[in-house]
Amino acid sequence: MSTHTNPSQFSSANVDPAELAKFSELAHRWWDTESEFKPLHQINPLRLNWIQSLAPLAGQKVVDIGCGGGILSDAMARQGAQVLGVDLAVKSLKVAQLHALEAGTQGVQYREISAEDLAVEQPAQFDVVTCMEMLEHVPDPASIVKACATLVKPGGWVFFSTLNRNPKSFLLAVVGAEYVLNMLPRGTHEYARMIKPSELADWVRAQSLNVMQMKGMTYNPFTRHYALGTDTDVNYLMATQKPVAN
Ligand code: SAH
Numbered sequence: 106m107s108t109h110t111n112p113s114q115f116s117s118a119n120v121d122p123a124e125l126a127k128f129s130e131l132a133h134r135w136w137d138t139e140s141e142f143k144p145l146h147q148i149n150p151l152r153l154n155w156i157q158s159l160a161p162l163a164g165q166k167v168v169d170i171g172c173g174g175g176i177l178s179d180a181m182a183r184q185g186a187q188v189l190g191v192d193l194a195v196k197s198l199k200v201a202q203l204h205a206l207e208a209g210t211q212g213v214q215y216r217e218i219s220a221e222d223l224a225v226e227q228p229a230q231f232d233v234v235t236c237m238e239m240l241e242h243v244p245d246p247a248s249i250v251k252a253c254a255t256l257v258k259p260g261g262w263v264f265f266s267t268l269n270r271n272p273k274s275f276l277l278a279v280v281g282a283e284y285v286l287n288m289l290p291r292g293t294h295e296y297a298r299m300i301k302p303s304e305l306a307d308w309v310r311a312q313s314l315n316v317m318q319m320k321g322m323t324y325n326p327f328t329r330h331y332a333l334g335t336d337t338d339v340n341y342l343m344a345t346q347k348p349v350a351n
């Protein structure tokens with residue numbers, strides 16, 4: 106029996122069934138730190154610390170949009186946040202849940218629901234919204250940004266990370282990572298879906314979120330280390346905040 110999400114279920118929704126199928130296929134390897142998901146495990150402490158530096162997580166209500174196997178959700182819960190991880194790939198959610206059980210992680214829950222549907226159900230309910238490495242996999246990323254802006258409380262934070270779109274990012278993130286270094290499966294990232302920081306900033310501002318900080322993330326293939334810095338040419342993170350209502 107297949108536990109794949111039935112694509113027809115989402116025919117009119119903001120989801121690409123082929124993208125979900127890619128992640129579902131690999132779902133059993135989410136917590137294998139030497140698998141296709143190694144880069145996410147490697148960057149996890151960096152992004153977690155960065156989020157914490159702006160929005161200390163202890164006691165906060167957090168939603169992680171496109172949580173996959175829960176690499177970030179789990180880590181945020183371990184910092185004392187109350188985390189809801191959502192995704193549309195059921196297999197990944199099962200893996201995430203199993204991991205929480207096995208690792209004894211408290212304060213994390215997983216649910217199959219779209220960002221848009223959750224926004225209708227729980228508007229302005231979350232102190233922190235994270236949406237990492239996900240926007241570049243959906244047909245209408247602006248709609249996800251809108252949902253995130255709806256989910257966050259006034260004064261709360263929304264964190265995004267994605268992949269820039271330019272010749273350098275194509276060379277490094279697609280040709281380099283998928284074809285030369287074999288760090289990611291071929292076809293993981295589609296050039297047309299990659300997002301310029303200016304585009305993301307436009308979608309963010311259209312939802313009345315303020316851009317508070319941008320960070321670039323770079324990979325050094327010789328030391329095999331990632332670092333956060335000012336170079337946003339390839340991978341980048343954007344911290345945004347919803348103004349406090351007055
Ligand atoms: N955010 C996680 C996983 C990133 S991989 C992390 O950074 O560790 C991208 C994830 O987005 C996958 O789990 C995939 O299933 C999910 N995804 C793709 N399209 C989606 C959609 N329309 N709604 C929710 N999740 C989606």
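In this note's numbering, the protein residues as written are 106 to 351. A virtual CB, placed ideally from N, CA and C, is assigned to each residue, including glycine.
Check                                                                                                                                                : Outcome
My output table needs one value for A332: the three-state DSSP class, helix, strand or coil.                                                         : strand
With respect to 7 Å, is the separation between the Cβ of C253 and the closest non-hydrogen atom of ligand 1 below this value?                        : no
Looking only at its own chain, which residues have a Cβ that is under 7 Å from the Cβ of A194, when we skip the five neighbours before and after it? : T110, L125, F128, S129, A132
Can we count H242 as close to ligand 1, meaning its CB is less than 7 Å from some heavy atom?                                                        : yes
Determine the contact status of T255 and D169, defining contact as a CB-CB distance below 8 Å.                                                       : no
Just list the residues that DSSP pairs L189 with in beta bridges.                                                                                    : V168, Q214
Below 8 Å between beta carbons: does that hold for S267 and L314?                                                                                    : In the sequence as displayed, the identity of residue 267 is Thr instead of Ser. No.
Return yes when the C-beta of D192 is under 7 Å from any heavy atom of ligand 1, and no when it is not.                                              : yes
Looking at R134: is its Cβ nearer than 8 Å to the Cβ of F142?                                                                                        : yes
Between A118, K258, E221, G174, which has its C-alpha nearest T138's C-alpha?                                                                        : G174
Sort T328, K258, L177, A252 by Cα distance to I156 and report the nearest one.                                                                       : L177
Taking 7 Å as the cut-off, is the CB of A220 close to at least one heavy atom of ligand 1?                                                           : yes
Cβ of I176 versus every heavy atom of ligand 1: is any distance shorter than 7 Å?                                                                    : yes
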